[in-house]
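S.K.: The structure under discussion is supplied below as structure tokens; questions concerning it will follow.
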Amino acid sequence: MQYQAPVDDMMFLVKDVFSLTKRLGDIADFSDFDDELYAAILEEAGKFASGVLQPINRSGDEEGCQYKDGVVTTPKGFKEAYQAYVEGGWQSITADPNYGGQGLPKALHVLIEEMFYSANTSFCLYGSLTGGATQLLQAHADDATKQQYLPNLISGQWSGSMCLTEAHAGSDLGLLKTKAEPNDDGSYSLEGSKIFITGGEHDMAENIIHLVLARLPDAPAGPKGISLFLVPKFLVNDDGSLGERNGIECGSIEHKMGIKASSTCVMNMDNAKGWLIGPPHQGLRCMFTMMNLERLSIGIQGIGLGEMSFQQADTYARERLQGKASDGEAPAALIKHGDVQRMLNTMESFNKAGRALAVWLGSYLDVTFHSDDKEAVKTADIMSAWLTPIAKAYFTDAGYETCTIGQQVFGGHGYVREWGMEQHVRDCRIAQIYEGTNGIQALDLIGRKLIGSRGESLQVFLSEIKVDLETLPGSAHKEKVVELLKELEALSLHIMEQSQSDAEIPQLVACDYLHYVALVTYAYLWLKMEVAAGGSLDEKSSFFFKRVLPRSLGLKASIENEL
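In terms of the UniProt record's numbering, the sequence shown opens at residue 1 and continues consecutively.
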């Protein structure tokens, strides 16, 4: 079936639930934007997703990327789609207008990304990495570097990659061995090898700008000795034209379970010329600007695939006649069976709440990057740091569950290739692994954000919700959210106390804690959507509170049993 972009659902969040024009109205960079513009952009993004990206999704999966002698060829139609993507301005949505960007809010961009991930996850990954590289350079590069690289990255004429992982290091970046030696001209020569590099080599853009973590000769051991370097595939001349090929090349590509049309490369550096970005030995701090945006993007991969799976499962359930319904109708459409309704409602519960959280988090990132209000920025920094690991991990855990449920709706047909449901499962599985495994996200939430801040981040999170709750009318669901917030605060304090005497506690309960916090957050967001919808979402909201939210009871008990 053809993907149907859920523009109405998205504009409901933009206009009615979060009132973005009002929420971001005090920020000068967004003062010229309104709901009419946001709706028009989402409509066009939906057309691009269904008309250009989806038609090459399955063929891209079947053909995959091809590697020969250092050259990676993307599947048929990808180059043409990428050119249309560039010409449509989709790469420049949130980028700085001073360098050719459109400067639109991240809270809008998360919805565009969802559409693209729904239609063609492999394709969307190329643009995601470029967007992250752009944001990193905007934040940490000097003016000359920005002038030289940003316009072509923002336009999409060049693409970007993030080179962190090494074969022996995995997620422990403190073990990386890639070396950078200074040259007389201010550049550096890099030697080493990176693995699992998304978009490290392909045939769609003129140049690829690699952002590489490496060690200087005087670097201290561990993560505090890592520096960040810009290493282009082709060197860039002073006039902006492309020069000779640099010493960074693709040694091979991975043969993967899913996202087969996304080139996942081994990148080898032999006297590769690079330039330092940010201060020496501060590379990891700089890289987190990109990494956190990529974590949100990968979380949205889970929502996008979950939405596509839901649409197909819902359509199939309405058309497929099978079995006898409780009212005696036989054969009945699958959707008349209570268990199929349960599956579809569960999928929708995750998708709608995840989308709402993505917009909410995006709005905090907009404040962080654009506001002049120091207090607002401080709060937004804490909120975005708190919500990012939740978004990355829970969106993808729930997304994978949603894709497998969608496959289940199809029964045996969901397991064979021709229906497309098994591709969603395969494509979604990686999202729980890359950009920091979901276990690492959980440890980040409980270790750095909860315990590391001595509970400050939790209190800001609770306060933001409590202040908003005061504006919402009373209801049983509101009372439940208030109760959950009290339980979350008490449970979190208990974890902090017990962790002082038992250092293993965070490791043992981290994943359950992240899922618990996510469900509490989803309850709050379902309440907001219920109120904003004025009754039209009551049935779906009730399903979440009755059938999905009770998972929090088991998570809470599991955590308490370890304390």
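Beta carbons: idealized from backbone N, C-alpha and C, even for Gly.
Just so we're clear, the structure is a prediction, and the values are computed from it rather than from any experiment.
#1: Exposed or buried, which one is residue 135 when buried takes at least 16 other CB atoms within 10 Å?
#2: Which residue from 556, 527, 220 puts its Cα closest to that of residue 13?
#3: Kindly list the residues whose CB is nearer than 7 Å to the CB of residue 43, restricted to its own chain and excluding five residues on each side of it in sequence; keep chain order.
#4: Threshold first: 3 residues or longer. Then list the beta strand (DSSP E) segments lying entirely within the stretch 425-460, N to C.
#5: According to the Cβ coordinates, are residue 84 and residue 159 closer than 8 Å?
#6: Look at the Cβ atom of residue 513, then the Cβ atom of residue 446, and state whether they are nearer than 8 Å.
#7: Can you confirm whether the stretch 332-351 touches the stretch 537-547 when touching is taken to mean that 3 or more C-beta pairs between the two stretches lie within less than 8 Å?
#8: As an exercise, report each continuous beta strand (DSSP E) stretch of at least 3 residues that is fully enclosed by the stretch 44-120, in chain order.
#9: Short of 8 Å in beta carbon distance, which residues of its chain neighbour residue 559, apart from the five on each side in sequence? Order them along the chain.
#10: Helix, strand or coil for residue 509 per DSSP?
#11: Put residue 273 into one of helix, strand or coil per three-state DSSP.
#12: Do you know how far the Cα of residue 486 is from the Cα of residue 106?
#13: Do residue 118 and residue 49 count as a contact pair if the criterion is CB distance below 8 Å?
#14: Alpha carbons only, please: which of 287, 38, 237 is nearest the one belonging to residue 132?
#15: Give me the Cα-Cα distance between residue 97 and residue 304, rounded to the nearest whole angstrom.
#16: Report the residue from 79, 561, 478, 555 whose alpha carbon sits nearest the alpha carbon of residue 530.
#17: Between which two residues does the beta strand (DSSP E) carrying residue 471 extend?
#18: Quick one: what's residue 191 bridged to in DSSP?
#19: Output needed for residue 384: all residues of its chain with C-beta closer than 8 Å, excluding positions within five of it in sequence on either side, in chain order.
#20: So within the stretch 210-259, which uninterrupted beta strand (DSSP E) runs reach at least 3 residues, ignoring any that extend past its ends?
#21: Residue 164: which of 148, 150, 210 sits nearest, CA to CA?
#22: Can you say whether residue 46 is buried or exposed, counting buried as having 16 or more other CB atoms within 10 angstroms of its CB?
#23: So, are the CB atoms of residue 284 and residue 197 less than 8 Å apart?
#24: Using 8 Å as the threshold, is the C-beta distance between residue 518 and residue 442 below it?
#25: Alpha carbon to alpha carbon, what distance is there between residue 79 and residue 250?
#26: Could you check whether residue 30 and residue 370 sit closer than 8 Å to each other, using their CB atoms as the reference points?
#27: Look up residue 333 in the DSSP assignment and give the residues it is bridged to.
#28: If I measure Cβ to Cβ from residue 432 and keep anything under 7 Å in the same chain, skipping five residues before and after, which residues do I get?
#29: Leaving out five residues before and five after residue 156 in sequence, what residues of the same chain have Cβ atoms less than 6 Å from its Cβ?
#30: Give the single residue among 296, 60, 212 whose Cα lies nearest to the Cα of residue 192.
#31: What's the C-alpha gap between residue 176 and residue 168?
#32: Suppose you measure from the CA of residue 228 to the CA of residue 149; what does that come to, to the nearest Å?
#33: Can residue 207 be considered in contact with the ligand GTP, in the sense that its beta carbon sits closer than 7 Å to one or more heavy atoms?
#34: Straight-line CA distance for residue 324 to residue 406?
#35: Let's test the definition: count the other Cβ atoms within 10 Å of the Cβ of residue 255 and tell me whether it reaches 16, buried, or not, exposed.
#36: Buried or exposed: residue 257, going by 16 or more other Cβ atoms within 10 Å of its Cβ?
M.R.: Short version:
#1: Working through the sequence shown from its first residue, we reach residue 135 at position 135. Buried, by the Cβ-count rule.
#2: Along the sequence shown, one-based indexing puts residue 13 at 13. Out of 556, 527, 220, 527 has the C-alpha closest to the C-alpha of residue 13.
#3: In the sequence shown, the residue the question calls residue 43 occupies position 43. The answer, listed in chain order, is 7.
#4: none
#5: The residue you call residue 84 lines up with position 84 of the sequence shown. The residue you call residue 159 lines up with position 159 of the sequence shown. Contact: no.
#6: Looking up residue 513 in the sequence shown gives position 513. Looking up residue 446 in the sequence shown gives position 446. A contact, by the Cβ cut-off of 8 Å.
#7: yes
#8: 66-68, 71-73
#9: Numbered from 1 along the sequence shown, position 559 holds the residue referred to as residue 559. These residues qualify, in order along the chain: 491, 495, 509, 512, 513, 516.
#10: If you number the sequence shown from 1, residue 509 lands on position 509. Here residue 509 sits in helix by DSSP.
#11: Reading the sequence shown from its first residue, position 273 is the one you call residue 273. Strand at residue 273.
#12: For the purposes of this step, residue 106 is taken as residue 106 along the sequence shown, with counting starting at 1. For the purposes of this step, residue 486 is taken as residue 486 along the sequence shown, with counting starting at 1. Roughly 31 Å between the two C-alpha positions.
#13: Locating residue 49 in the sequence shown gives position 49, counting from the first residue. Locating residue 118 in the sequence shown gives position 118, counting from the first residue. Against a cut-off of 8 Å, the Cβ pair of residue 118 and residue 49 comes out as a contact.
#14: Taking the sequence shown and counting its residues from 1, the one referred to as residue 132 is at position 132. The shortest C-alpha separation from residue 132 is found at 287.
#15: Counting from one through the sequence shown, the residue named residue 97 turns up at place 97. Counting from one through the sequence shown, the residue named residue 304 turns up at place 304. Between residue 97 and residue 304, the C-alpha separation is close to 28 Å.
#16: Mapped onto the sequence shown, residue 530 falls at position 530. The shortest C-alpha separation from residue 530 is found at 478.
#17: As a working note, residue 471 is residue 471 in the sequence shown. That residue, residue 471, is in no beta strand (DSSP E); it is neither H nor E in DSSP.
#18: Along the sequence shown, one-based indexing puts residue 191 at 191. 179, 270.
#19: Within the sequence shown, the letter at position 384 stands for residue 384. Within the same chain, residue 384 has close Cβ partners 292, 361, 364, 365, 368.
#20: 227-232, 234-236, 242-245, 248-253
#21: Reading the sequence shown from its first residue, position 164 is the one you call residue 164. That would be 210, whose Cα lies nearest to the Cα of residue 164.
#22: The sequence position of residue 46 within the sequence shown is 46, counting from 1. Residue 46 comes out buried.
#23: Working through the sequence shown from its first residue, we reach residue 284 at position 284. Working through the sequence shown from its first residue, we reach residue 197 at position 197. No, the pair does not count as a contact, with Cβ atoms beyond the cut-off.
#24: Looking up residue 518 in the sequence shown gives position 518. Looking up residue 442 in the sequence shown gives position 442. Taking 8 Å as the Cβ cut-off, residue 518 and residue 442 do not qualify as a contacting pair.
#25: Within the sequence shown, residue 250 is the residue found at index 250, counting from 1. Within the sequence shown, residue 79 is the residue found at index 79, counting from 1. Taking the straight line joining both Cα atoms gives about 19 Å.
#26: Here residue 370 is taken as the residue at index 370 of the sequence shown, counted from 1. Here residue 30 is taken as the residue at index 30 of the sequence shown, counted from 1. Contact flag set, yes.
#27: In the sequence shown, counting from the first residue as 1, residue 333 sits at position 333. DSSP output for residue 333 lists 321 as bridge partner(s).
#28: Numbered from its first residue, the sequence shown carries residue 432 at position 432. So the qualifying residues of the chain are 396, 397, 400, 438.
#29: If you number the sequence shown from 1, residue 156 lands on position 156. Excluding sequence neighbours, residue 156 sits near 86, 91.
#30: As a position in the sequence shown, residue 192 is number 192, starting the count at 1. Comparing Cα positions, the closest option is 212.
#31: By 1-based counting over the sequence shown, the position of residue 176 is 176. By 1-based counting over the sequence shown, the position of residue 168 is 168. Roughly 8 Å separates the two Cα atoms.
#32: Residue mapping note: residue 228 aligns to position 228 of the sequence shown, counting from 1. Residue mapping note: residue 149 aligns to position 149 of the sequence shown, counting from 1. Approximately 16 Å between the Cα atoms of the pair.
#33: Summarising the ligand content, the structure contains no ligands, and the ligand GTP is consequently not present.
#34: On the sequence shown, residue 324 is found 324 positions in, with the first residue counted as 1. On the sequence shown, residue 406 is found 406 positions in, with the first residue counted as 1. Computed Cα separation, rounded: 21 Å.
#35: Here residue 255 refers to the residue found at position 255 of the sequence shown. Under this definition residue 255 is an exposed residue.
#36: Counted from its first residue, the sequence shown places residue 257 at position 257. Its Cβ having fewer than 16 others within 10 Å, residue 257 is exposed.
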